[in-house]
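A.B. asks:
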Amino acid sequence: MKKKILNTIRLFLPLLIHLNSFSQVTVLDRETKQSISYVTLQPIGQVHKIISDVNGIFQYPETFNASDTLLFSCTGYKPATIPFQALQSISVIELEPVVQNLAEVHVAAQQRNDQTKKLGVTKTERVAQLYSYTGKNGEEKAVWIPNPYSSSGFLKKVHIYLTDSGFPDAAIRIHIYACNPLEKKPGQELTQSNRIVSGTSGNEWVSVDVSQDHIQVGENGCFISIEWFDSPKAKNYSDTFVLKGANNQDVIKIQSGNGAVLGSVAEPYRLSKNKLWYRNKSNEWVCWSLTDESRFNIKDTINNNYIRVINENNLYYHIPGIYADVSFNKKKLSPAFEAPKKRPLNKIERVKEDAFNYPQATVQELFHSLIKGFEQNNIVYVLKFLCVYKEHESEAIAEEVYKHLETDGMLMTETEKRQVIEHLTEIIRSIDVSELVKVGAHQFELRSDNWRYNLVVENGKWKINPYSYRIIE
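Residues -23 to -1, 1 to 450 (mature numbering (1 follows the signal peptide of the UniProt record, and there is no 0)) make up the sequence shown, in order.
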């Protein structure tokens, strides 16, 4: 029996030596020869991954197999693939920095006409319940930063509010992603540098200068994400908060996690819908929901009971304290199209704007809202808030509305509405292969099959000019 055990140990001895040698692998920058902090190591085709420490050193990967091919990746560097068996003779791995594309550089001479605006959450709550946004080691979460100015700008700085909960001095990595104008979700990563920051004692804004990356923030805004890393001092403890309430001695213990905890603010669902996104283990972006929180084991706050605040009138999300300094050209901040004249249409029917039921923050949302407006026979709302006109066109549309009411007693027949809805539905179906071309400071042309539509983004809201569509033969 002892001989059998001894033979088994001898059988696994080469593997143990092999794995031990791998545990000392360090990742360096090929040009500077400096270590790269928090590099991701993942077997190709698998969801499991590990993160290096601040010195670029990887710990022993218990779940990897000798047949695996490993992918080393880090923002700002070209990824490298190495067979697991090859690591037995390697102690250092070098990653090549990505060469920045400066094809579209903001000309310094133009900055004299620029104006800096703050986009995002600039204030956070200090009450414990609203003071809680964190993540696991290597977990990445993105928040949508809307652009209400209807003009593209250049990102200068990113600001993150770190609380004194958890470990404010733990490292976090900043990512910037484009927001596709057709739909609201993280798109291409725009970050070209490995931006890792940390706080000191907490309850502070931490700023990151990203101006050298020359990142353009489009009309639909952008996504800023945080990638969390565990603090070396972390031991899964609970913080104690004194809640302000009827009883000043009320105490609640909340799990604080192993890394930085961001401040947050509760926003109504109608304002924050589709703002929060998570990268799951398959590297896919998922919009936050209670279902996906359970499915992907997403820890959203330091106390999940406070993840959403529900009362009799509304629903709230916790939005992390992140905002950006964006530089805009002053000449492009004013809309070229005037808002539709509401006074003539108000004589027919007075309706108030309802961005919750009829969102229009993206092109896709606009067309869904157009369909909904016609389905619910809310045509006056469509004409007032989802459409935009040139000066003479607003009067013409009012005259047409009056004429239909006088002759038919209705704005549109059921057949006409059905035809419009069918056409708009076809546009939605082909939206992924449609092309959105910028033709002016705020004007775009949506090219879908043989159809062309003029769209305008005004104060962060997309609108359509109903007089401008045309058919290309």
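All C-beta atoms in this analysis are idealised placements derived from N, C-alpha and C, irrespective of residue type, glycine included.
On the criterion of 16 or more Cβ atoms from any shown chain inside 10 Å, does F362 qualify as buried, or is it exposed?
C.D. replies: Residue numbering aside, residue 362 sits at position 385 when the sequence shown is read from its first letter. Buried is the call here.
A.B. asks: Is the number of C-beta pairs between the segment 117 to 128 and the segment 174 to 192 that are closer than 8 Å three or more?
C.D. replies: no
A.B. asks: Can you name, in chain order, every residue of its own chain whose Cβ lies under 6 Å from the Cβ of F314, other than the five neighbours on each side?
C.D. replies: Here residue 314 corresponds to residue number 337 of the sequence shown, with the count starting at 1. Below a pLDDT of 50, predicted positions are generally treated as unreliable, and F314, at 48, falls in that range; the measurement from the model is reported next regardless. V365, V433, listed in sequence order.
A.B. asks: What does the Cβ neighbour count give for F333, buried or exposed, with the cut at 16 atoms within 10 Å?
C.D. replies: To locate residue 333, count along the sequence shown from 1; it is residue 356. Residue environment: F333 is assigned as exposed (fewer than 16 neighbouring CB atoms within 10 Å of its CB, all protein chains considered).
A.B. asks: Excluding the five sequence neighbours on either side, which residues of its own chain have a C-beta within less than 6 Å of the C-beta of S184, listed in chain order?
C.D. replies: Taking the sequence shown and counting its residues from 1, one reaches residue 184 at position 207. Taken in chain order, the residues that qualify are K134, H136.
A.B. asks: Hey, how far is the Cα of residue 469 from the Cα of Q36?
C.D. replies: Residue 469 is absent from the model: the chain starts at -23 and stops at 450.
A.B. asks: Does K440 pass the burial test, meaning 16 or more other C-beta atoms within 10 Å, or should it be called exposed?
C.D. replies: Here residue 440 corresponds to residue number 463 of the sequence shown, with the count starting at 1. K440 counts as buried, since no fewer than 16 other beta carbons sit within 10 angstroms of its beta carbon.
A.B. asks: Let me know the secondary structure DSSP gives E117 once reduced to three states.
C.D. replies: Locating residue 117 in the sequence shown gives position 140, counting from the first residue. Here DSSP, grouped into helix, strand and coil, assigns E117 to strand.
A.B. asks: To the nearest angstrom, how far is the alpha carbon of P443 from that of V397?
C.D. replies: For this step, residue 443 is matched to residue 466 along the sequence shown. For this step, residue 397 is matched to residue 420 along the sequence shown. Their Cα atoms are separated by approximately 12 Å.
A.B. asks: What residue from R150, F131, N42, T140 has the CA that sits closest to T101's CA?
C.D. replies: The sequence position of residue 101 within the sequence shown is 124, counting from 1. Selected option, being the one with the closest Cα: T140.
A.B. asks: Where does the unbroken beta strand (DSSP E) through Q65 begin, and where does it stop?
C.D. replies: Here residue 65 corresponds to residue number 88 of the sequence shown, with the count starting at 1. Where Q65 is concerned, there is no enclosing beta strand (DSSP E), given that its DSSP letter is neither H nor E.
A.B. asks: Count the CB pairs spanning the segment 192 to 212 and the segment 142 to 157 that are closer than 8 Å, and state whether there are at least three.
C.D. replies: yes
A.B. asks: Please list the terminal residues of the continuous alpha helix (DSSP H) segment that includes T392.
C.D. replies: Translated into the one-based positions of the sequence shown, residue 392 becomes position 415. From DSSP, the alpha helix (DSSP H) with T392 extends over 391 to 406.
A.B. asks: What number of angstroms, rounded off, separates the C-alpha of V120 from the C-alpha of K380?
C.D. replies: As a first step, residue 120 must be located in the sequence shown, where it is residue number 143. As a first step, residue 380 must be located in the sequence shown, where it is residue number 403. Straight-line Cα distance between these residues: approximately 47 Å.
A.B. asks: Using CA coordinates, which residue listed in V359, K367, R395, T392 is at the minimum distance from V378?
C.D. replies: The residue given as residue 378 occupies position 401 in the sequence shown. Nearest C-alpha to V378: V359.
A.B. asks: Please return the same chain residues whose Cβ sits closer than 8 Å to the Cβ of S68, not counting the five positions on each side in sequence.
C.D. replies: Against the sequence shown, residue 68 aligns to sequence position 91. Answer for S68: S(-3), Q1, V2, T3, listed in chain order.
A.B. asks: Hey, W265 and P163 are a contact pair by Cβ (cut 8 Å); roughly how many whole angstroms apart?
C.D. replies: For the purposes of this step, residue 265 is taken as the residue at position 288 of the sequence shown. For the purposes of this step, residue 163 is taken as the residue at position 186 of the sequence shown. Not a contact, Cβ separation roughly 12 Å.
A.B. asks: Could you give the residue range of the beta strand (DSSP E) that holds S142?
C.D. replies: Indexing the sequence shown from 1 puts residue 142 at position 165. Residues 130 to 143.
A.B. asks: Tell me the residue span of the alpha helix (DSSP H) that contains E352.
C.D. replies: For the purposes of this step, residue 352 is taken as the residue at position 375 of the sequence shown. Per DSSP, E352 is one residue of the alpha helix (DSSP H) stretching across 340 to 352.
A.B. asks: In this structure, what does DSSP give as the bridge partners for E8?
C.D. replies: Taking the sequence shown and counting its residues from 1, the one referred to as residue 8 is at position 31. Answer is none; E8 lacks a bridge partner.
A.B. asks: Look up R424 in the DSSP assignment and give the residues it is bridged to.
C.D. replies: Here the question's residue 424 lines up with position 447 in the sequence shown. Looking at the DSSP assignment, R424 forms a beta bridge with E412, R429.
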